[in-house]
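Novice: Before I ask anything, here is the structure I am working with.
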Amino acid sequence: MKLSTAIWLVLFLCVPERLCIARTERSASNSEGEEAFKLLSSIVKEGGRRGLQECENQFKNEIWNCTLNNKEIFRELPIFVKTTLPYATRETAFIHAISSAAITHEITLQCRQGKIPGCSCAVVKKQRRVTDDWQWGGCSDDIRYGEKETRRFIDRLENGNDARTAFNLHNNEVGRKVVRSSVQKECKCHGVTGSCSMKTCWRRLVNFNTIGSKLKEIYFRATQVSFENNKLQERIHKKTRAVSKRERKLVYLDSSPDYCLRNDSVGAPGMLGRTCRSDEVSTTKCKSLCNSCKMWHQTQEHYKLVKCKCQFVWCCTVKCEMCSERYSVTTCSRG
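Here the sequence shown stands for residues -22 to -1, 1 to 313, where the numbers follow mature numbering (1 follows the signal peptide of the UniProt record, and there is no 0).
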């Protein structure tokens, strides 16, 4: 079974640097040079970490919580390393999409910050209709550059014309599309005494948490597809049609396993023993997760010290008291 792009990415994060370069050095153009390629490699690593972190953040209060856990294998490495993701489920689709999105976002961000040699502000097309109160200017994020480099580092790992390759590439592209469609226009006012008679505007990336939230919405609307005639096909009213590359839609080939149960082959720890704190998620939500998996739940009260009754003292400190605050921990159990 072929490894997914996301897992190749995780391997890329953790193997010795010289091996990473040796495996992918052919993709670096001669003009960039080894140092530029090393820099981009480190940015790709950081983007990959952000993607996995945001996946965990988005699903921390769901039955599937983006756990890539396989402690029985490769114990000496971080728990998500070399997990194979053998099934092309909607969860695997999400991991592909958010990894690709995070790397695109990170490369684009560092490009704007001037940390990548030869990469600067995006060239914004001239306005079709010039208005009286604003014009393009400033430094727009070069999303095209971020997309191009992400394809070069991630999509090139996919070879062949099989179902899994098509699945991986499609969901990688969905992640990039969500980043692209989320770029916003920001403006700065100019004018006498703040009158804002003229504004200079540029295109700016949104916070990556916003990207993660949008991808999660798409995850819940993911479509199951088949692979026929070398294309991903979806069934609509007893007919099949090819999935358009332009669609911002996650697709999956395999039905998801029961994440309520422990399943090491997909890195699922199961819900037995799963805990959540009332200061992080509502007790009602936590209980509903246990109930969804036909489990009982036990709730225990705990206390923690927090700063309270803070006052500003001239000059210039803030003094606080320490107060005891109650919270509860709910655990899924057999009964």
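Where a beta carbon is used, it is the ideal one built from N, C-alpha and C, also for glycine.
Measuring alpha carbon to alpha carbon, tell me which residue in 228, 85, 120 is nearest residue 150.
Specialist: Measuring from the Cα of residue 150, the nearest candidate turns out to be 228.
Novice: Report the start-end ranges of each beta strand (DSSP E) in the region 95 to 151 that is 3 residues or longer and not cut off at the edges.
Specialist: The region 95 to 151 contains these whole beta strand (DSSP E) runs: 112 to 114.
Novice: If I'm right that residue 275 touches residue 268 with Cβ under 8 Å, what's the distance once you round it to whole angstroms?
Specialist: Contact flag correct, Cβ pair sits at about 4 Å.
Novice: Rounded C-beta distance between residue 114 and residue 179? I'm assuming under 8 Å.
Specialist: Right, the Cβ-Cβ distance comes to about 6 Å (below 8 Å), so this counts as a contact.
Novice: Just verifying my parser: in three-state terms, what is the DSSP assignment at residue 27?
Specialist: Looking at residue 27 - three-state DSSP - the assignment turns out to be helix.
Novice: Do residue 35 and residue 263 have their C-beta atoms within less than 8 Å of each other?
Specialist: No, they are not a contact pair.
Novice: Below 8 Å between beta carbons: does that hold for residue 82 and residue 124?
Specialist: Going by C-beta atoms, residue 82 is nearer than 8 Å to residue 124.
Novice: Reducing DSSP to helix, strand and coil, say where residue 210 ends up.
Specialist: DSSP places residue 210 in strand when its eight states are reduced to three.
Novice: At the level of alpha carbons, what is the spacing between residue 42 and residue 246?
Specialist: So the alpha carbons of these two residues sit roughly 8 Å apart.
Novice: At which residue ranges does the region 243 to 274 contain complete beta strand (DSSP E) runs of 3 or more residues, listed in the order of the chain?
Specialist: Taking only runs of at least 3 residues, the beta strand (DSSP E) segments lying wholly in the region 243 to 274 are 253 to 255.
Novice: For residue 302, does the count of other Cβ atoms within 10 angstroms reach 16, so buried, or fall short, so exposed?
Specialist: With fewer than 16 other Cβ atoms within 10 Å, it is exposed.
Novice: Look at residue 119 and residue 161 and say whether their C-beta atoms are less than 8 Å apart.
Specialist: Their beta carbons are under 8 Å apart, which means residue 119 touches residue 161 by this criterion.
Novice: With a cut-off of 8 Å on the beta carbons, I'd call residue 224 and residue 211 a contact; round off their distance for me.
Specialist: Incorrect: roughly 16 Å between the Cβ atoms, too far for contact.
Novice: Would you call the region 182 to 199 and the region 75 to 91 touching, i.e. three or more CB-CB distances under 8 Å?
Specialist: Contact holds: three or more Cβ-Cβ distances are below 8 Å.
Novice: Among the residues of its own chain, which have a CB less than 8 Å from the CB of residue 177, if the five just before and after it don't count?
Specialist: Around residue 177: 111, 112, 113, 165, 166, 167, 168.
Novice: Taking C-alpha atoms, which residue in 70, 256, 101, 156 lies nearest to residue 308?
Specialist: Here the closest residue by C-alpha is 256.
Novice: For residue 18, which option in 31, 92, 46 has the closest C-alpha, if you only look at C-alpha atoms?
Specialist: Residue 18 has its Cα closest to that of 92, out of 31, 92, 46.
Novice: Can you tell me which of the three DSSP states residue 291 falls into?
Specialist: Three-state DSSP puts residue 291 in a strand.
Novice: Would residue 96 be called buried (16 or more neighbouring beta carbons within 10 Å of its own) or exposed?
Specialist: Looking at its Cβ environment, which holds fewer than 16 other Cβ atoms inside 10 Å, residue 96 is exposed.
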